[in-house]
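To keep things clear, I will list the structure first and then write my remarks on it.
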Amino acid sequence: MQLGQYPAATHLIAHLSDTHFLGTASDGSGRLLYDAVDTDSTVHRAMAQLEASGLPIDALVFTGDIADRGEPDAYRRVRDIVEASTARMGAELVWVMGNHDERHAFRTELLRVEGHDAPVDAVVDLNGLRMITLDTTVPGYHHGEITAGQLDWLAEVLSQPAEHGSLLALHHPPVPTTLPLMTILELREQAALAQVLAGTDVRAILGGHLHYATTGLFAGIPVSVAAATCYTIDVAAPPRQLTGVDGGQSINLVHVYADQVVHSTVPLGAFDVVTRFDPAYLARMEALSAPDRVEAFSRHTI
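Its first residue numbered 409, the sequence shown is counted upward by one per residue in our numbering.
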């Protein structure tokens with residue numbers, strides 16, 4: 409039942425980023441990132457929360473830096489965790505290359521295709537919503553670039569609109585960062601990408617790389633950056649510092665409506681419940697007329 413002004417979203421996507429898995433230790437567990445961060449536990453937590461939600465998720469999109477050093481066994485471990493959960497949810501799985509990833513192992517271990525070192529660009533159809541993944545990585549470096557050939561390919565893909573429009577997923581987000589050191593690692597020559605996207609059906613851009621959740625606008629298109637699942641960057645740290653902390657990890661939910669795209673940040677972890685309106689309460693609201701709902705759910709009832 410539609411209670412408000414907007415009908416239900418046509419698509420729902422879980423947007424995750426920067427898992428940064430290291431290779432497997434001798435006991436079968438993952439090695440700790442910086443000898444401190446258990447990258448596996450937060451991915452398990454993310455998958456558990458998404459499964460427990462019961463939400464009708466169409467796809468999980470991971471926007472890069474899946475493995476911290478491109479190790480094949482790191483890819484296999486994160487792949488096995490995520491694929492099992494995605495299968496239970498009946499959702500598609502979309503992997504995007506990041507600057508810490510290695511293209512050959514990324515292909516063989518995550519995509520299960522023949523390995524080679526060309527950019528990993530792809531198009532996935534999600535029931536009429538076109539998901540375009542663009543590899544912005546430069547082998548051996550941490551900044552982002554897009555080649556002329558990739559821009560030509562993207563222009564060709566976008567020359568025909570999709571039924572529900574397109575989302576573009578890449579690792580290096582085309583938005584400013586307030587952290588001076590991170591500006592060295594940004595996506596370069598963004599004007600060329602803006603020219604290709606102008607006037608197309610791209611409705612939102614999904615990114616990662618920054619290790620903190622943020623939003624912006626690029627070529628008139630909303631940009632949403634998902635924070636890392638491994639560790640996050642403290643944007644409020646003292647000036648001229650770049651500080652990573654083991655806390656604040658989150659994922660994003662992307663609701664695609666007929667006329668807009670809404671991005672919501674979901675913290676990872678279990679928290680104390682302080683209030684709840686259960687399904688029975690919603691059912692009572694649905695049984696009322698529109699004016700009675702407003703009255704029943706008002707301050708007059710307190």
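Every residue, glycine too, gets a C-beta built ideally from N, C-alpha and C. Since the model is a prediction, treat every value here as computed from it, not as a measurement.
### Task
Drop a sphere of 10 angstroms on the beta-carbon of R684, count the other beta-carbons inside from all chains shown, and report buried for 16 or more, exposed for fewer.
Counting C-beta atoms within 10 angstroms of its own C-beta, R684 has fewer than 16 neighbours from the protein chains shown and is therefore classed as exposed.
### Query
How long is the line joining the alpha carbons of A645 and T651, rounded to whole angstroms?
Straight-line Cα distance between these residues: approximately 7 Å.
#### Entry: Minimum C-alpha distance to V633 - residue among G548, Y549, E522, V469
Cα-wise, what sits closest to V633 is V469.
### Query
Alpha carbon to alpha carbon, how far is E479 from V486?
Their backbone Cα atoms lie some 11 Å apart in a straight line.
### Query
Where H617 and M409 are concerned, what is the direct C-alpha to C-alpha distance, given to the nearest angstrom?
Going by the C-alpha atoms only, they are around 39 Å apart.
#### Entry: Given Q668 as reference, the closest of Y639, G655, D609, L690 once Cα atoms are compared
Of the candidates Y639, G655, D609, L690, the one whose C-alpha sits nearest the C-alpha of Q668 is D609.
### For A577 and L566, the rounded distance between their alpha carbons
Per the coordinates, the alpha-carbon of L566 lies some 14 Å from the alpha-carbon of A577.
### Task
Go ahead and pull the three-state DSSP assignment for M539.
In the three-state scheme derived from DSSP, where H, G and I count as helix and E and B as strand, M539 is classed as strand.
#### Entry: Contact set for T718: own chain, Cβ-Cβ below 7 Å, skip 5 residues either direction
Summary: the structure shown does not reach residue 718, with the chain confined to residues 409 through 710, and so no result is reported for it.
### Query
Is F626 helix, strand or coil when you go by DSSP?
Note: F626 maps to strand in three-state DSSP.
### Message
Is the beta carbon of V674 closer than 8 Å to that of N660?
### Response
For the pair N660 and V674, the CB atoms are nearer than the 8 Å cut-off.
### Task
Enumerate, from N- to C-terminal direction, the unbroken alpha helix (DSSP H) stretches of 4 or more residues contained entirely within the segment 469–510.
Listed in chain order, they are 480–497.
### Message
Between which residues of its own chain and G438 is the CB-CB distance below 8 Å, once the five residues before and five after are set aside?
### Response
Excluding sequence positions up to five before and after G438, its CB lies within less than 8 Å of the CB of F429, L430, G431, T432, D446, T447, D448, A482, R485, all in the same chain and listed in chain order.
### Query
Around the C-beta of E517, are 16 or more other C-beta atoms found within 10 angstroms, so that it is buried, or is it exposed?
So E517 ends up on the buried side.
### Query
Going by Cα to Cα distance, which pick from G548, Q568, A556 is closest to L593?
Considering only alpha carbons, the answer is G548.
### Message
Considering only their Cβ atoms, is the gap separating H512 from G523 smaller than 8 Å?
### Response
At the C-beta level, G523 and H512 come within 8 Å of one another.
### Query
What's the C-alpha gap between I613 and I641?
The alpha-carbon of I613 is positioned some 21 Å away from that of I641.
### Task
Please classify F514: does DSSP put it in a helix, a strand, or coil?
Helix.
### Task
For S672, count neighbouring C-beta atoms within 10 Å of its own C-beta (all shown protein chains included) and say buried if the count is 16 or more, exposed if not.
By the 10 Å Cβ count, S672 comes out exposed.
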